[in-house]
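Protein sequence lines correspond, in order, to chains A and B. Here numbering that gives the first Met the number 0 is used: the first residue of the first sequence is 0, the next is one more, and so on. Here numbering that gives the first Met the number 0 is used: the first residue of the second sequence is 0, the next is one more, and so on. Glycine included, every Cβ here is placed at the ideal spot set by N, Cα and C. Scroll down for the structure; my scribbles are underneath it.
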Amino acid sequence: MSEQIPFGAIEFAANPEPRCPCVLALDTSSSMVGARLDELQRGIAQFKNELMGDPLARKRVEIAVLTFGGGVRLASDFATVDAFDPPALHADGLTPLGAAVLGALDLVKTRKNIYRSNGIAYYRPWVFLLTDGEPSDPWQAAARAVRDAEAQRALAFFAVGVGEANMDVLAEVSVRAPLKLKGMMFREMFQWLSTSLKSVSHSGLTDELPLSNPAVPEGWAKL
Amino acid sequence: MRLLDAQDRAVELGAEVGRGGEGVVCAVVGDAGLVAKIYATPPPPDRVSKLGAMADAYAATPSLGDWCAWPRSLLKDETGTCRGFLMARVEGFRPIHDLYDPEQRKASFPQATWDFLARTAANCARMFVSLHRYDVIVGDVNERNLLVGADATVRLVDCDSFQLSRGGELFRTGVGVVDYTPPELQGADFRAITHTRNHDRFGLAVIVFKLLFMGRHPFSGGATGDLALAIKRHQYDYASLSARLRHLVPLTSITSEVRALFDAAFRPESTAFEARPSADEWLRNLDAFEKRLLPCPQDPLHRRMEADAPCPWCEIEATLQYAYFALPHDEPLGPDWQPRLERLDELRESLAGIRSPLDPNDYSQPPSVAMALAAVGRLAELEPPPDAASWYVRAAGGGLAIAGGFTALGAPAVGLGMLAGGVGLWLAGTALRSRRQVPWGTRLAQVRKQAGLLGELQAEWLGQAYRCREVDRRLRGEFEHLASQFRDLSALRAVEIERLGRDTIHQDLRSFLHQFTVEAGAIPGLSAPKRQAMLIRGIVTAADVERPRLAGIPGLTPAAIDAVVAWRQSLEAQAGAARKQPVTQSHFAAVDANYLHLQQNLEDAMGRVLGELRSATATADQVLDDLYGRTETLAAQLRPLADDLWTASQGLPERNR
Numbered sequence: 000m001s002e003q004i005p006f007g008a009i010e011f012a013a014n015p016e017p018r019c020p021c022v023l024a025l026d027t028s029s030s031m032v033g034a035r036l037d038e039l040q041r042g043i044a045q046f047k048n049e050l051m052g053d054p055l056a057r058k059r060v061e062i063a064v065l066t067f068g069g070g071v072r073l074a075s076d077f078a079t080v081d082a083f084d085p086p087a088l089h090a091d092g093l094t095p096l097g098a099a100v101l102g103a104l105d106l107v108k109t110r111k112n113i114y115r116s117n118g119i120a121y122y123r124p125w126v127f128l129l130t131d132g133e134p135s136d137p138w139q140a141a142a143r144a145v146r147d148a149e150a151q152r153a154l155a156f157f158a159v160g161v162g163e164a165n166m167d168v169l170a171e172v173s174v175r176a177p178l179k180l181k182g183m184m185f186r187e188m189f190q191w192l193s194t195s196l197k198s199v200s201h202s203g204l205t206d207e208l209p210l211s212n213p214a215v216p217e218g219w220a221k222l
Numbered sequence: 000m001r002l003l004d005a006q007d008r009a010v011e012l013g014a015e016v017g018r019g020g021e022g023v024v025c026a027v028v029g030d031a032g033l034v035a036k037i038y039a040t041p042p043p044p045d046r047v048s049k050l051g052a053m054a055d056a057y058a059a060t061p062s063l064g065d066w067c068a069w070p071r072s073l074l075k076d077e078t079g080t081c082r083g084f085l086m087a088r089v090e091g092f093r094p095i096h097d098l099y100d101p102e103q104r105k106a107s108f109p110q111a112t113w114d115f116l117a118r119t120a121a122n123c124a125r126m127f128v129s130l131h132r133y134d135v136i137v138g139d140v141n142e143r144n145l146l147v148g149a150d151a152t153v154r155l156v157d158c159d160s161f162q163l164s165r166g167g168e169l170f171r172t173g174v175g176v177v178d179y180t181p182p183e184l185q186g187a188d189f190r191a192i193t194h195t196r197n198h199d200r201f202g203l204a205v206i207v208f209k210l211l212f213m214g215r216h217p218f219s220g221g222a223t224g225d226l227a228l229a230i231k232r233h234q235y236d237y238a239s240l241s242a243r244l245r246h247l248v249p250l251t252s253i254t255s256e257v258r259a260l261f262d263a264a265f266r267p268e269s270t271a272f273e274a275r276p277s278a279d280e281w282l283r284n285l286d287a288f289e290k291r292l293l294p295c296p297q298d299p300l301h302r303r304m305e306a307d308a309p310c311p312w313c314e315i316e317a318t319l320q321y322a323y324f325a326l327p328h329d330e331p332l333g334p335d336w337q338p339r340l341e342r343l344d345e346l347r348e349s350l351a352g353i354r355s356p357l358d359p360n361d362y363s364q365p366p367s368v369a370m371a372l373a374a375v376g377r378l379a380e381l382e383p384p385p386d387a388a389s390w391y392v393r394a395a396g397g398g399l400a401i402a403g404g405f406t407a408l409g410a411p412a413v414g415l416g417m418l419a420g421g422v423g424l425w426l427a428g429t430a431l432r433s434r435r436q437v438p439w440g441t442r443l444a445q446v447r448k449q450a451g452l453l454g455e456l457q458a459e460w461l462g463q464a465y466r467c468r469e470v471d472r473r474l475r476g477e478f479e480h481l482a483s484q485f486r487d488l489s490a491l492r493a494v495e496i497e498r499l500g501r502d503t504i505h506q507d508l509r510s511f512l513h514q515f516t517v518e519a520g521a522i523p524g525l526s527a528p529k530r531q532a533m534l535i536r537g538i539v540t541a542a543d544v545e546r547p548r549l550a551g552i553p554g555l556t557p558a559a560i561d562a563v564v565a566w567r568q569s570l571e572a573q574a575g576a577a578r579k580q581p582v583t584q585s586h587f588a589a590v591d592a593n594y595l596h597l598q599q600n601l602e603d604a605m606g607r608v609l610g611e612l613r614s615a616t617a618t619a620d621q622v623l624d625d626l627y628g629r630t631e632t633l634a635a636q637l638r639p640l641a642d643d644l645w646t647a648s649q650g651l652p653e654r655n656r
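Here it is, written out as structure tokens:
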């Protein structure tokens, strides 16, 4: 059949702007409970607010939230910033990091297919992984998948460790050097992320990522 | 920082009107048509010389500044360092993507139809014609620096990125956005690129395309989603995409002339010298296209080319159930609607900023009054003098101002002061001229009456102060009353909505209604997917149909809800139930409209009370100050007169007046 109405047709008819997808893969294992999760939650709300302030990024950046604590759960499927409703996060269980990374990659792949079938251009997707612990499942396959995807420029993968996160594993999973969050600077981290996404969604540059280095003395991360 | 323009005239900055990565834009005091862009740090020398060249070009050809924020005059500080420039103020315009993105358009340009979009496209072409005529190249064409007004006219901002030559020097653009960059420049270093008209023409063609084709880029990105790559490979694939996706506007909906211009602008051969259609060609053909657009009889917001041709928009709406053109419908206010409490806070803040008039209890007698009264007091026990004749003394100057006081005393309290002053001066003048001699007894009586007047003025002050306080108290009370009405709007509306929405089915009717399924019900205009959506949510038969349960179902419009409820009510009537006056969604909308109206009325009323309060305080200040001042003046005049009488009574020589 040559004439179709693909999934999401109305969404892309209403807003045909090129999309800049971003998956937040967030560790919600039981060790995140308390202030850490609260700060993360506030950081996400602020992330939305800052992107809302930019009339183009608001229509172009799409956010999905994948949580991993006990199981991997799609807490919020891709939505443009104005339609994104920050989900409530609950901490529970172990840290299935490997499954979460594969899940995020899958999510991105599906979304790209939807863009293509609707004739919508898109920027290189971002996957932003945040964890505070030791993976409780095998992560080697996920690491290989990330490396392959990065090599094909199919996505940009960022890993951030919080507290006692195993930075060695993160270095294996991420091609870019993983970043270590300073203390509880979640909000500073999300501010950096929104600024980066704004500039990506304006520039139209697909190869270079015009990012500021967060691992400076006044930044939110250390290497 | 003191700023001077190119003619060394001082430029005073007003309020900040915008802020960007490079600095701020401020109003210019005394010229509403201009704004000043001020860089956060002084711009580098190459930027300064480019701005200077642009200001020179403007001086030579002022029409360059007609439709864009062209730098008109450099602004220097005292040291002569360039800090920014003056440009035309662009106000009331929105970025062009707010117009061509369909959903955003419904909010930002609700009345804009396809011919409006065509007109805007023609105006973009007009803009490029006006610049290309003078060999000015826009360079960085993009959706953020092109702005559109409510009348479809366009403006260009961020003009400091234009490319132009002046005095043999070329000033480049230096930046660019992939979407509007022609194939031959994709991936090039923007800082080193010399732009041509032909490059600009690509950007113009993309903008025109997006305006006519509902925000779609002519190069959709193909299999990779990578726009840069698609442009570089000349993949102008909209025709095949719109053949596959029937909800996209087909290229055949526009004139063959405009279609041919797109082909010419996007085909591989277009990279040759001046090969793309000029801005002027776009202008002529877009104007012609717009003239051919006619309203569709099915929907007044639809425009199509020929009266007998099928309307593309009607066809799309039938395929996709999405309206590219629709007036915004009034959203229901929602169950938790609150009046604008932040507005109330603002008003309350203004209220707190208005001072009450002086408190009568805080009245302090002017020191001069006490002294004057003391001087009069010691005259009380004076006996008539032995030689009455010697008590004729000359009185002059301020002495006879007393007479004025007498006259005034008889007058009504209202005109007290003015009359006293006026008559007093007149009498005093007469007295001075005639130098009449006044008898002692008369002088004493005059001084005593004057003292009485002083007391009356003080009483008058207190009386006025009490009255002003009363007005102040009343107005503040009125404000509080309005504020509480304002806060109560939410609860009142909730009650009204609840009463209107109460939609219960009589228990006896339930089993009867259960015979009729939603799926098969004769409900006009209710599509199968909508029926399916109701089934999923457990609304299976007419007995399940209750207005509150329908409210949250996605895709169910207010009209559809009305139709479903009307269907159930007609079944109830069949069963012999009394026919109820059907409540429709428009009843709810009327309640909401009424409350929004009440909210506005109360806000206006509170604003008026604040205005009255302000002017009441100002009037009170004036009246009380005036009375106080007159009391002091009178006291100052009275004291020497009383002293003189005392001096004379003691047989001492008086001061010569």
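Quick one: what does DSSP say residue i is sitting in, helix, strand or coil?
| i | result |
| --- | --- |
| A:Asp76 | strand |
| A:Val159 | strand |
| B:Val205 | helix |
| B:Met86 | strand |
| A:Lys181 | coil |
| B:Pro179 | Strictly speaking, residue 179 of chain B in this sequence is Tyr, with Pro absent from that position. Here B:Tyr179 sits in helix by DSSP. |
| B:Gly404 | Confidence at B:Gly404 is low in this model, with a pLDDT of 39, below 50, so the placement of that residue should be treated as unreliable; the coordinate-derived value is given next. B:Gly404 falls in the helix class under three-state DSSP. |
| B:Asp157 | coil |
| B:Gly575 | coil |
| B:Thr78 | coil |
| B:Ser72 | strand |
| A:Ala56 | helix |
| B:Ala667 | It is not possible to answer for residue 667 of chain B, since the shown part of chain B is limited to 0 through 656. |
| B:Leu326 | coil |
| B:Thr616 | helix |
Go through its chain and collect everything with a Cβ distance to residue i's Cβ below 6 Å, but skip five positions before and after it.
| i | result |
| --- | --- |
| B:Arg46 | none |
| B:Gly564 | At residue 564 of chain B the sequence reads Val, which differs from the Gly that was named. Excluding residues within five positions, the ones whose Cβ falls inside 6 Å are Arg546. |
| B:Met304 | Arg291 |
| A:Asp136 | Pro95, Gly97 and Ala98 |
List the residues of chain B whose Cβ lies closer than 8 Å to the Cβ of residue i, in chain order.
| i | result |
| --- | --- |
| A:Glu16 | His96, Asp100 and Gly214 |
| A:Lys58 | His96, Asp100 and Gln103 |
Once the 5 residues before and after residue i are set aside, which same chain residues still bring their CB inside 7 Å of it?
| i | result |
| --- | --- |
| B:Asn655 | With a pLDDT of 49 at B:Asn655, under the threshold of 50, the predicted position of this residue should be treated as unreliable, and no value is reported. |
| B:Ser489 | Trp336, Gln337 and Pro338 |
| A:Asp76 | Ala63 |
| B:Asp4 | Val10, Ser72, Leu74 and Leu85 |
Strictly below 9 Å CB to CB, what residues from chain B border residue i?
| i | result |
| --- | --- |
| A:Leu55 | Pro94, His96, Glu142 and Arg143 |
Give the interface partners of residue i over in chain A, defined as CB-CB distance under 8 Å, in chain order.
| i | result |
| --- | --- |
| B:Ser219 | Gly118, Ile119 and Ala120 |
| B:Thr318 | Ile4 |
| B:Leu240 | Gly118 |
Whose Cβ in chain A lies nearer than 7 Å to the Cβ of residue i?
| i | result |
| --- | --- |
| B:His669 | What is shown of chain B runs 0 to 656, which leaves residue 669 of chain B out entirely. |
| B:Gly224 | Lys111, Tyr114, Arg115, Ala120 and Tyr121 |
| B:Leu85 | Chain A residues near B:Leu85: none, gap ~26 Å exceeds 7 Å. |
For residue i, which residues of its own chain have a beta-carbon under 8 Å away from its beta-carbon, when the five flanking residues on both sides are left out?
| i | result |
| --- | --- |
| B:Ile353 | Leu609, Leu612, Arg613 and Thr616 |
| B:Glu479 | none |
| B:Val446 | Val375, Leu378, Ile401, Leu637, Leu640, Ala641 and Leu644 |
Contact between the region 222-230 of chain B and the region 156-173 of chain B (3+ Cβ pairs under 8 Å): no
Proximal residues, the region 196-215 of chain B versus chain A, C-beta separation under 7 Å: Met213, Gly214 and Arg215
Validate contact between the region 315-324 of chain B and the region 584-596 of chain B using beta carbons, cut 8 Å, 3 pairs: no
The region 269-285 of chain B touching the region 101-115 of chain B, judged by at least three CB pairs closer than 8 Å: no
Residues from the region 109-135 of chain A in contact with chain B, defined by Cβ distance under 9 Å: Lys111, Tyr114, Arg115, Ser116, Asn117, Gly118, Ile119, Ala120, Tyr121, Tyr122 and Arg123
Cβ contact (3+ pairs, closer than 8 Å) linking the region 59-67 of chain B and the region 124-143 of chain B: yes
Contacting positions in the region 123-156 of chain B - beta carbon closer than 8 Å to chain A: Glu142 and Arg143
Inter-stretch contact (C-beta, 8 Å, three-pair minimum) for the region 46-56 of chain A and the region 90-98 of chain B: yes
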